[in-house]
Amino acid sequence: MLFVGIGNVLKRDDGVGVFISQNLEKNASVDALTVEVSIENYIGKINSLAPEKLILIDCVDFGKDAGYYKLTDLNTMRDFTTNTHNISLGRLKDLFVVDDIKVLGIQPGDVSFGEGLTQDVEKTAFEVLRIITQQLQHKNN
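Going by the working numbering, the first residue of the sequence shown is number 3, and it counts up by one from there.
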């Protein structure tokens, strides 16, 4: 399983995917990659790693309250992504050799220029990190 963090850290909550992946990269038992806004530059690398499952972590506008999050299959996802990336998540499915691709989307509260996550989104980011860590520990026991 490979976690991929997508986002722009200079647009507040749009950096939530990067925040999560950078924290996951600190854990040697987790495969994580931070791609920021240019995931298309990492397609070859991701395909060469050939993970069984790919989880893309990104800011997604679901029209919900800030901090709402949802794990969904990339194939069934409408294109809710904010327009800060060079390629939309919806177009990515045809570029990967991985069959099982999920999107962990987190509803932003603020994507204006600035650094740091809003309180609601930061709280969700830490909750997601806790859940991922617990699930991986449970899987390894």
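From the three backbone atoms N, C-alpha and C, an ideal C-beta is built for every residue, glycine too.
| query | result |
| --- | --- |
| Nearest candidate by alpha-carbon position, reference Val62, set Asp15, Leu26, Ala30 | Asp15 |
| Leu51 classed as buried or exposed, judged by whether at least 16 other C-beta atoms fall within 10 angstroms | exposed |
| Proximity below 7 angstroms, CB of Lys95 to CB of Leu76 | yes |
| Identity of the residue in Leu4, Asp122, Ile8 nearest Asp33 by Cα | Leu4 |
| Minimum C-alpha distance to Asp112 - residue among Gly7, Lys104, Gly46, Ala68 | Ala68 |
| Uninterrupted beta strand (DSSP E) stretches inside the segment 100 to 128 (no shorter than 3 residues) | 102 to 108 |
| Assigned exposure category for Asn29 - 16 Cβ within 10 Å defines buried | exposed |
| Of the residues Gln139, Leu131, Asp102, the one placed nearest Leu26, counting alpha carbons only | Leu131 |
| Bounding residues of the alpha helix (DSSP H) (the contiguous stretch that carries Val62) | Looking at the DSSP string, Val62 is not in any alpha helix (DSSP H), and its letter there is neither H nor E. |
| Status (buried if at least 16 other CB within 10 Å, exposed otherwise) for Phe115 | exposed |
| Anticipated Cβ contact below 8 angstroms, Asn10 with Val39, distance rounded | 5 angstroms |
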